[in-house]
Every structure is written in structure tokens, then in C-alpha cells.
Ligand code: SF4
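Residue numbers (the numbering used here), protein chains in the order written: chain P, 564 to 648; chain C, 505 to 868.
Shown next, in the form of C-alpha cells:
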């Protein structure tokens with residue numbers, strides 16, 4: 564029920580936006596994310612954007628995952644997690 | 505799809521599993537609080553791939569499942585009142601209440617409509633000014649701000665036939681209730697990603713601080729979940745317990761300020777009745793004094809009579825983490841998704857439905 568999926572904000576008119584999800588256009592309310600702008604990705608839950616996806620954090624997490632996969636022995640040094648703190 | 509496919513890379517997933525296997529030395533038991541996590545874990549076969557040292561339990565994080573029959577009965581009773589249109593998220597319709605269901609009330613002439621969003625409910629209210637539109641407000645902190653937003657919009661537009669029957673529930677208080685019950689010993693909790701997009705990670709600080717167990721907020725793709733499990737194992741192996749976020753692209757430690765502000769202005773906390781757990785203090789949201797005119801409970805006389813639980817259904821113990829669907833003798837016998845006895849088999853993220861679809865051995 565708490566499902567939310569990434570959606571790209573295509574256009575806005577006040578709080579109302581058209582967003583794109585996997586090629587399909589849908590209506591969304593930006594009442595909960597008033598700082599969202601065209602070009603942002605938001606997490607869409609029951610027609611409302613509940614969070615703006617932080618693209619830099621998304622990349623950082625992927626980088627972290629890659630490093631974890633490649634350096635399992637560094638684990639107990641506690642080094643890896645500090646990268647994203 | 506962007507922000508999804510990258511977090512499903514099977515090769516990377518396998519390497520993370522290897523790493524977790526390598527690092528996990530002591531037996532641990534984790535609860536994934538959220539039903540959405542249970543589904544993702546089963547769908548991607550994560551339980552089966554994890555080392556034997558790690559046991560995963562499903563928690564009470566399914567809003568449909570935790571709605572008590574007393575509350576569901578109120579919604580069904582309202583659906584039978586003339587001049588009332590009920591709007592509900594789809595899964596609620598098939599949940600058997602004490603004597604009937606919303607679906608049955610609809611079949612018997614009640615005006616019950618499935619909506620995807622409160623925006624749809626508002627549209628129905630606008631189109632039917634001579635009727636009362638009652639939205640069945642279920643859901644956790646992810647959903648509650650959207651209901652708050654709809655009430656503020658109704659107020660601004662002067663829609664005066666829109667009401668909410670608020671059964672909204674809060675996650676941190678019920679996590680505390682489960683930990684205090686002490687029926688299951690947990691080494692760590694995977695916290696719900698989209699609840700946390702709203703409330704942030706700080707409301708979980710009491711988990712490591714007061715209970716000395718590991719805590720991580722996870723997203724819903726397999727790599728998100730594996731990252732959170734890795735974090736939990738790391739906390740346990742180094743004995744440094746804290747709340748970590750494995751879903752930073754969607755969750756900020758402070759949460760969503762605007763959503764919290766809307767929730768605060770429309771709702772106040774009150775006791776809530778959880779299926780299987782009972783009344784948990786300050787774990788629910790009721791409409792605040794200022795918005796009483798949108799509150800279905802204060803504006804309609806509702807008397808559903810005494811509630812009863814479906815005979816033989818052990819949803820309650822499953823939601824508390826002390827049983828699994830395989831322990832229920834009705835599971836797959838008289839209880840199936842086509843003919844469900846309890847809510848955990850109705851909801852697409854209920855533990856029974858998930859075990860049914862993906863195998864009850866805990867694998868994929
Ligand atoms: S299998 Fe059916 S009857 Fe048994 S606990 Fe699950 S929902 Fe209830």
C-alpha cells in the first residue's frame with residue numbers, strides 16, 4: 564500500500580503536474596513537494612509526489628554498491644559507509 | 505526504468521549476497537516491517553539466497569491487514585446508509601468484516617467505489633453534491649499526508665460533502681509496541697522506505713538507543729534491500745547500533761517537511777486499534793478539532809454492533825511476527841486469494857497472499 568514509483572515531472576500548472584512513468588503520462592499532485600520542478604524525478608504514491616528523488620544520492624548509492632561488491636574484505640574497517648554520510 | 509533497473513542488477517546482487525554470507529557470523533533475526541518489503545523479498549527470492557545465519561520475519565506493515573474488524577465494520581455500516589458514497593482503495597473491498605464486506609454491501613446496493621487517489625474521491629464528491637462522499641482512510645505515514653492534502657483542497661474549493669473515516673496508523677509506535685510485547689526477539693528492523701520518505705529516519709532512533717538492536721531504512725528494489733541487510737549485519741558485527749539509510753535517493757533524515765506540516769495541521773494523534781495487537785496508544789491519526797467537519801465518525805451515526813474475528817484465522821499472530829502463514833491450518837485449504845478468510849490473504853502485500861503466490865518455504 565505504501566507503493567511509490569519514480570515519475571518524471573514533464574509539466575506543471577501550480578500544484579498539478581503531468582508526470583511520465585515508463586512512457587505513460589499521468590496526473591500528479593505536487594502539494595506535498597512544492598519545490599519539485601520540471602525535469603525532477605519524484606516518488607509517486609496514490610497520485611501524489613511524496614519525495615523528490617535525489618539524483619546525486621542515487622549515484623552515490625550505486626557507487627557504494629559497486630565498491631562493496633568489489634572489496635568485501637574492507638568491511639570491518641567501517642570505511643565504506645562513511646562515504647555517504 | 506530509471507531508478508529501478510540499476511537497483512536490480514543480478515550480478516551485483518549475487519556479489520552482495522556473497523559478501524553478506526562472508527560477513528555474517530552470528531545467527532540473527534530481522535523483521536521487515538513493511539508488507540511491500542515482504543513482497544519484494546519473496547519476488548526476488550532473497551530469503552532463499554541469504555545465508556542460514558539470517559532469518560527474516562514479516563511485520564505488521566500492511567495497512568489493509570492491520571485494520572481492525574471493529575473499524576472495517578464501521579465502513580461497511582456506512583456503505584449501507586442511504587445518500588452515502590464510499591470511496592476506498594481497492595484491497596479493502598474484499599476484506600471480510602465481522603458479518604459482511606464492502607464488496608457485499610456494494611452487491612446489495614451500496615454505492616461503493618474504488619479509487620486510486622484521494623483526487624478521484626474529491627472528483628466524485630464534486631460530481632455528487634447531493635450525496636455524502638466518505639473516503640475510507642487507511643494507510644501509514646506515506647498515505648496520511650495525501651489525505652491531509654485532499655482535506656485542505658476540499659476546504660479551499662468549498663467542497664462540503666467530503667468526509668474521511670480515518671483509520672490512519674503510525675509506524676514507530678507499533679514498532680515499539682511489538683518490541684515491548686517481547687514475543688519475538690529481533691536483532692534488527694528493516695524500516696519502511698516510503699513511510700520514511702515522509703517522517704525521515706529520526707523517529708526510529710529509539711530502536712538502537714532503547715532496544716540496542718540494528719536499524720536500516722530500505723528501498724524496494726533487491727539491491728536496496730540487500731544494502732540494508734548488509735548495514736544491519738555490519739552494525740551487529742561491530743556492535744555499533746544506529747539508524748542507517750539504505751535508500752538515500754528517496755529518504756532524507758529529516759523527512760518531508762511540507763508533508764509533515766500538512767499532516768500536523770489536519771490530524772492529531774490518538775489511540776488506534778490494530779488487528780492482532782489491539783489498542784496502541786498514540787499510534788493513530790484522527791482529524792483535529794479544526795477539521796471536524798470532514799470527520800465521518802463525528803458526522804454520521806455509525807453503529808456496526810460487536811465485532812468478531814474470522815474463525816481459525818491467525819492473521820493477528822502473523823502480524824505480531826509470532827506465526828507464519830504456513831502455521832495456519834486454513835492456509836491454501838479454505839483460505840485462498842480467490843476466497844480469502846482473512847485480510848492477510850486479501851491484500852496484495854499481506855503475508856498470506858505473498859506466501860501463497862511465491863511459495864510458503866520462504867523462497868522465491
Ligand atoms: S491463511 Fe487465511 S485464515 Fe489463515 S491467517 Fe492467513 S488470511 Fe487468516
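Just so you know, even glycine gets a beta-carbon here, dropped at the ideal spot from N, CA and C.
Inset, instruction - Sort out for me which residues DSSP pairs residue 571 (chain C) with in a bridge. - result: Residue 571 (chain C) pairs with C:778.
Inset, instruction - List the endpoints of the continuous beta strand (DSSP E) containing residue 852 (chain C). - result: Careful: residue 852 (chain C) lies outside any beta strand (DSSP E) and carries neither H nor E.
Legend entry - Distance, residue 649 (chain C) Cα to residue 768 (chain C) Cα: Answer to the nearest angstrom: the Cα atoms are 9 Å apart.
Inset, instruction - Along the beta strand (DSSP E) that carries residue 672 (chain C), what are the first and last residues, could you check? - result: Counting along the chain, residue 672 (chain C) falls outside any beta strand (DSSP E), and DSSP gives it neither H nor E.
Legend entry - Outcome for residue 633 (chain P) when other beta-carbon atoms lying within 10 angstroms are tallied against a minimum of 16: When all chains shown are included, residue 633 (chain P) counts as exposed.
Inset, instruction - Please find out if some non-hydrogen atom of the ligand PLP comes closer than 7 Å to the beta-carbon of residue 596 (chain C). - result: For the ligand PLP, the structure offers nothing, since it holds only the ligand SF4.
Legend entry - Closest by C-alpha distance to residue 561 (chain C), when choosing among C:842, C:822, C:840 and C:863: Considering only alpha carbons, the answer is C:822.
Inset, instruction - Can you grab the Cα-Cα spacing for the pair residue 619 (chain P) / residue 604 (chain P), in whole Å? - result: Using only the alpha carbons, I get a separation of about 12 Å.
Inset, instruction - May I ask you to check if the CB of residue 566 (chain P) is nearer than 7 Å to at least one heavy atom of the ligand SF4? - result: Checking the Cβ of residue 566 (chain P) against the ligand SF4 gives no.
Legend entry - Minimum Cβ-Cβ distance from residue 599 (chain P) to chain C less than 8 Å: Not one chain C Cβ lies under 8 Å of residue 599 (chain P).
Legend entry - Beta carbon proximity, residue 520 (chain C) to chain P, threshold 8 Å: Cβ-Cβ to chain P under 8 Å: yes for residue 520 (chain C).
Inset, instruction - Note down the Cα distance separating residue 817 (chain C) from residue 578 (chain C), rounded to an integer number of angstroms. - result: Residue 817 (chain C) and residue 578 (chain C) have their C-alpha atoms spaced approximately 21 Å apart.
Inset, instruction - Can you give me, in chain order, the residues of the segment 620–632 of chain P that have a beta carbon less than 8 Å from any beta carbon in chain C? - result: Per Cβ criterion, the list reads 620, 621, 623, 624, 625, 627, 628, 629, 631 and 632.
Inset, instruction - Leaving out five residues on either side along the sequence, give the residues of the same chain with a beta carbon under 6 Å from the beta carbon of residue 580 (chain P). - result: Around residue 580 (chain P): 572, 591 and 593.
Inset, instruction - Please list, in chain order, all residues of the same chain as residue 838 (chain C) whose beta carbon is under 7 Å from its beta carbon, the five residues on each side excluded. - result: 845.
Inset, instruction - Report all residues from its chain with a CB closer than 6 Å to the CB of residue 617 (chain C); omit the five preceding and five following residues, and keep chain order. - result: So the qualifying residues of the chain are 591.
Inset, instruction - Quick one: residues in its chain with C-beta nearer than 7 Å to the C-beta of residue 820 (chain C), no 5 flanking neighbours on either side, listed in chain order? - result: Its chain contains 779 and 780 as the residues whose beta carbon lies nearer than 7 Å to that of residue 820 (chain C), once the 5 sequence neighbours on both sides are disregarded; these appear in chain order.
Inset, instruction - Report yes or no: is there a C-beta of chain P within less than 8 Å of the C-beta of residue 773 (chain C)? - result: Closer than 8 Å to the CB of residue 773 (chain C) there is not a single CB belonging to chain P.
Inset, instruction - With DSSP collapsed to three states, give me the class of residue 693 (chain C). - result: Strand.
Legend entry - Through-space distance from residue 627 (chain P) to residue 599 (chain C), alpha-carbon basis: Computed Cα separation, rounded: 42 Å.
Inset, instruction - List the residues of chain C whose Cβ lies closer than 7 Å to the Cβ of residue 575 (chain P), in chain order. - result: Under the 7 Å cutoff, chain C gives no residues; its nearest Cβ is about 15 Å from residue 575 (chain P).
Legend entry - Cβ shell of residue 748 (chain C) (< 6 Å), same chain only, five flanking positions each side left out: If we look at residue 748 (chain C) and ignore the five residues flanking it on each side, its Cβ neighbours are 720 and 735.
Legend entry - Below-8 Å beta-carbon distance, residue 726 (chain C) vs any chain P residue: By this cut-off, residue 726 (chain C) is not an interface position.
Inset, instruction - Give the straight-line distance between the Cα atoms of residue 549 (chain C) and residue 510 (chain C), rounded to the nearest whole angstrom. - result: Near 18 Å, if we compare the C-alpha coordinates of residue 510 (chain C) and residue 549 (chain C).
Legend entry - At least three beta-carbon pairs within less than 8 Å, the segment 529–540 of chain C to the segment 564–578 of chain C: By the Cβ criterion, the segment 529–540 of chain C is in contact with the segment 564–578 of chain C, since at least three pairs of Cβ atoms, one from each stretch, lie closer than 8 Å.
Legend entry - Cutoff 8 Å: residue 660 (chain C) Cβ touching any chain P Cβ: Chain P, which has no Cβ nearer than 8 Å to the Cβ of residue 660 (chain C), makes this no.
Inset, instruction - Closer than 6 Å by C-beta to residue 614 (chain C): which residues in its own chain qualify, once you throw out the five before and the five after it? Chain order, please. - result: Cβ neighbours of residue 614 (chain C) within its own chain (closer than 6 Å, five residues either side excluded): 583 and 584.
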